[in-house]
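Under UniProt numbering, think of the first position of the sequence shown as 1, with each following residue one higher. C-beta: ideal position from N, C-alpha, C; glycine also. Report on the following structure.
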Amino acid sequence: MRVRYVLSEVLTGLWRNVTMTIAMIITMTVSLTMLGASLLLFFQVGKMEDFFYQRVEVSIFLKVDITDEQRNNIESALKGNTLVKNVDYESKQQAWERFQTQFRDAPDLVNATKPESLPESFRIKLKDPSKVVQLTEEFKTQEGVSEIVDQQQLLKRVFDLLGALQTLALTVAIVQGAAALLLVANTIQVAAYSKRREVAVMKLVGASNWFIQMPFVLEAVFAGLIGAIFAFGTLVAAKVFIIDGSLKALTSVLLPVDWSNIWLMLPILAGAGGLVSAVTAWITLRFYVRV
Numbered sequence: 001m002r003v004r005y006v007l008s009e010v011l012t013g014l015w016r017n018v019t020m021t022i023a024m025i026i027t028m029t030v031s032l033t034m035l036g037a038s039l040l041l042f043f044q045v046g047k048m049e050d051f052f053y054q055r056v057e058v059s060i061f062l063k064v065d066i067t068d069e070q071r072n073n074i075e076s077a078l079k080g081n082t083l084v085k086n087v088d089y090e091s092k093q094q095a096w097e098r099f100q101t102q103f104r105d106a107p108d109l110v111n112a113t114k115p116e117s118l119p120e121s122f123r124i125k126l127k128d129p130s131k132v133v134q135l136t137e138e139f140k141t142q143e144g145v146s147e148i149v150d151q152q153q154l155l156k157r158v159f160d161l162l163g164a165l166q167t168l169a170l171t172v173a174i175v176q177g178a179a180a181l182l183l184v185a186n187t188i189q190v191a192a193y194s195k196r197r198e199v200a201v202m203k204l205v206g207a208s209n210w211f212i213q214m215p216f217v218l219e220a221v222f223a224g225l226i227g228a229i230f231a232f233g234t235l236v237a238a239k240v241f242i243i244d245g246s247l248k249a250l251t252s253v254l255l256p257v258d259w260s261n262i263w264l265m266l267p268i269l270a271g272a273g274g275l276v277s278a279v280t281a282w283i284t285l286r287f288y289v290r291v
């Protein structure tokens, strides 16, 4: 009987303040979507770091006037180095062919570039990618070496940018979450005020505080859970239509987002939306509304 009464009061309260309930659900949806997106980005950045740093290369570019003896000396030193896992030599012709593939969407640039304008190089994979500085110190003064490029430094800039985007998404989620909490608190205050006479009667007949507060708390939890479901649906739609749709060509670089991470967002968002809404409603009733 008590459960039926509480549920009926919840439905009545939601319908009585339907516009504020809708606004609360929309705000929760936006904030939880941003929270889910920032968490997915966090997982993705970690996955990309593990993937690319294990495949990072060091490029040793050779001088234009390098002699065969100098080239052979560099190659022998690299192959005999304990830090090096694999060494690949790239001639000017091979560098030009790779350049054509990489910049095939810029035909004017490709046509303006000649094979002899690209340097020869050695592409090196290390046993331990963290030993790049040590390898650089050993070979930067070698005769015939023009420049040593560490791909880790290039990747670091990319990951710094992704980290900034992650921070931005999380910041927006926090701001939206604060707005959602204020809206929850305001909705609960309005609902409690509209039922102040019923609450007074219930207290006179001996109803406990938790019994009086439960319908209001459940209203907030309901809005939080619905917002979480909508936020999860937004992430699924983004995965299907954007990540696996219009951006599918970039998955070779950005790596695909795993469905396991998408499904993990459902309990996280539901827990965050429901728990935060419940705590906010309880605090509101406890400190700002006399029930």
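Spatial distance of residue i from residue j (CA atoms)
{"i": "valine 149", "j": "alanine 238", "result": "36 Å"}
{"i": "isoleucine 74", "j": "valine 30", "result": "57 Å"}
{"i": "glutamine 152", "j": "alanine 173", "result": "31 Å"}
{"i": "lysine 69", "j": "lysine 248", "result": "The residue asked about is misnamed: residue 69 is glutamate in this sequence, not lysine. Cα to Cα, the separation comes out at about 46 Å."}
{"i": "asparagine 81", "j": "threonine 67", "result": "21 Å"}
{"i": "lysine 47", "j": "valine 190", "result": "46 Å"}
{"i": "arginine 98", "j": "leucine 182", "result": "56 Å"}
{"i": "threonine 136", "j": "lysine 127", "result": "14 Å"}
{"i": "threonine 171", "j": "proline 119", "result": "45 Å"}
{"i": "threonine 19", "j": "glycine 177", "result": "19 Å"}
{"i": "arginine 104", "j": "valine 133", "result": "33 Å"}
{"i": "valine 291", "j": "phenylalanine 232", "result": "Any reading at valine 291 must be qualified, since the residue scores a pLDDT of 49, below 50, and its modelled position is unreliable; no value is offered."}
{"i": "glycine 163", "j": "arginine 157", "result": "10 Å"}
{"i": "phenylalanine 230", "j": "glutamine 102", "result": "40 Å"}
{"i": "valine 276", "j": "phenylalanine 241", "result": "30 Å"}
{"i": "proline 107", "j": "threonine 113", "result": "10 Å"}
{"i": "methionine 28", "j": "glutamine 94", "result": "54 Å"}
{"i": "proline 267", "j": "proline 129", "result": "37 Å"}
{"i": "tryptophan 282", "j": "threonine 187", "result": "12 Å"}
{"i": "isoleucine 243", "j": "serine 260", "result": "15 Å"}
{"i": "valine 110", "j": "serine 246", "result": "27 Å"}
{"i": "aspartate 65", "j": "valine 175", "result": "59 Å"}
Own chain partners of residue i with C-beta closer than 8 Å, once the 5 adjacent residues on each side are dropped
{"i": "leucine 165", "result": "Leu41"}
{"i": "leucine 235", "result": "Thr33, Gly36, Ala37, Leu40, Ile262 and Met265"}
{"i": "phenylalanine 139", "result": "Ile60, Ile74, Ala77, Leu78, Val145 and Ile148"}
{"i": "glycine 274", "result": "Val221, Gly224, Leu225 and Ala228"}
{"i": "isoleucine 26", "result": "Gly227"}
{"i": "tryptophan 96", "result": "Thr113, Lys114, Pro115 and Leu118"}
Residues of its chain near residue i, where Cβ-Cβ distance is below 7 Å and the 5 sequence neighbours each way are ignored
{"i": "arginine 123", "result": "Glu57, Ser59, Asp88 and Glu90"}
{"i": "glutamate 49", "result": "Phe159"}
{"i": "leucine 78", "result": "Val84, Val87, Phe122 and Ile124"}
{"i": "alanine 278", "result": "Val217, Ala220 and Val221"}
{"i": "arginine 71", "result": "Leu62 and Gly144"}
{"i": "threonine 141", "result": "none"}
Near the ligand NAD: residue i beta-carbon under 7 Å from a heavy atom
{"i": "proline 107", "result": "Absent from the structure shown: the ligand NAD. Ligands present: none."}
Test item: CB-CB of residue i and residue j under 8 Å
{"i": "alanine 225", "j": "alanine 272", "result": "One detail in the question is off: residue 225 reads as leucine in this sequence, not alanine. No, they are not a contact pair."}
{"i": "alanine 220", "j": "threonine 280", "result": "yes"}
{"i": "residue 303", "j": "serine 117", "result": "One cannot answer for residue 303 here, as it falls past the ends of the chain, which runs 1 to 291."}
{"i": "glutamine 213", "j": "leucine 285", "result": "yes"}
{"i": "alanine 185", "j": "threonine 21", "result": "no"}
{"i": "proline 115", "j": "lysine 131", "result": "no"}
{"i": "methionine 24", "j": "alanine 180", "result": "yes"}
In DSSP terms, what residue i is bridged to
{"i": "arginine 98", "result": "Answer is none; arginine 98 lacks a bridge partner."}
{"i": "residue 360", "result": "In the structure as shown, the chain starts at 1 and stops at 291, and residue 360 therefore has no counterpart that could be examined."}
{"i": "aspartate 150", "result": "Val58"}
{"i": "valine 145", "result": "Leu62"}
Cβ distance (whole Å) where residue i is taken to contact residue j below 8 Å
{"i": "valine 257", "j": "glutamine 44", "result": "6 Å"}
6 Å CB neighbourhood of residue i in its chain, flanking five on each side removed
{"i": "leucine 161", "result": "none"}
{"i": "methionine 1", "result": "The pLDDT assigned to methionine 1 is 44, lower than 50, so where the model puts this residue is not dependable; a value taken from the coordinates is nonetheless given after this. The answer is none, since no qualifying residue turns up."}
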